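Just so we're aligned, residue 72 is where the sequence shown starts under this note's numbering, counting upward by one. For glycine and all other residues, C-beta sits at the position ideal for the given N, C-alpha and C. For clarity, every value in this text was computed on a predicted model and none was experimentally measured. Only one structure is covered here, and it is reproduced in the block below.
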Amino acid sequence: MELLKQPPTIKLPADWFTGDAYADVIHRGEEPSRVRANMVRFTPGARTAWHSHGLGQTLYIVEGIALIQSRGGKILEAHPGDVIWTPPGEEHWHGAAPDHFMVHVALWETDDAIWLEHVTDAEYTGPRVTTRTRP
72 MELLKQPPTI
82 KLPADWFTGD
92 AYADVIHRGE
102 EPSRVRANMV
112 RFTPGARTAW
122 HSHGLGQTLY
132 IVEGIALIQS
142 RGGKILEAHP
152 GDVIWTPPGE
162 EHWHGAAPDH
172 FMVHVALWET
182 DDAIWLEHVT
192 DAEYTGPRVT
202 TRTRP
């Protein structure tokens, strides 16, 4: 067993994010492992650019309200405890609702993300469906 020293929190790059987002590395596997895990904190309205992962990505929503969209689909409003899977190669984005912070754990394999264009304000404010039933 080994207690791993964690690197400092990093601000995520403006090339890949709109608004402010910060990551703490939970795990970065070394060969032969390919697993990656980050705790990512988004300020209200912050979001990733469109992107995809060669082997897919899992998001575990820890806090706040997450917005997640696959290219061509509706925006999914996800809540703490929800687990969202994006399959290999699926273009998507994720971030915080405009009026809430959001924290998720991102799990993926390898560093082969393909980063695309930023999500427009029109895309970000598109129609939503929720993981929760509301009256």
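### Residue nearest to residue 201 in terms of C-alpha spacing, selected from 99, 167, 102, 138
138
### Task
Tell me, please, whether the stretch 172–180 touches the stretch 103–113 by the rule of three or more beta-carbon pairs shorter than 8 Å.
yes
### Query
For residue 201, which beta-bridge partners are listed by DSSP?
148
### Message
Per the DSSP calculation, residue 136 is bridged to which residue(s)?
### Response
Looking at the DSSP assignment, residue 136 forms no beta bridge with any residue, so it has no partner.
### Query
Buried or exposed: where does residue 190 fall if 16 or more other Cβ atoms within 10 Å of its Cβ makes it buried?
buried
### Task
Please list, in chain order, all residues of the same chain as residue 156 whose beta carbon is under 7 Å from its beta carbon, the five residues on each side excluded.
127, 129
### Query
Buried or exposed: where does residue 135 fall if 16 or more other Cβ atoms within 10 Å of its Cβ makes it buried?
buried
### Contact under 8 Å by Cβ, residue 120 with residue 194
no
### Message
Rounded to the nearest angstrom, what separates residue 170 and residue 115 at their Cα positions?
### Response
5 Å
### Task
Using the DSSP secondary-structure output, state which residues sit across from residue 175 in a beta bridge.
111, 132
#### Entry: Span of the alpha helix (DSSP H) around residue 192
192–195
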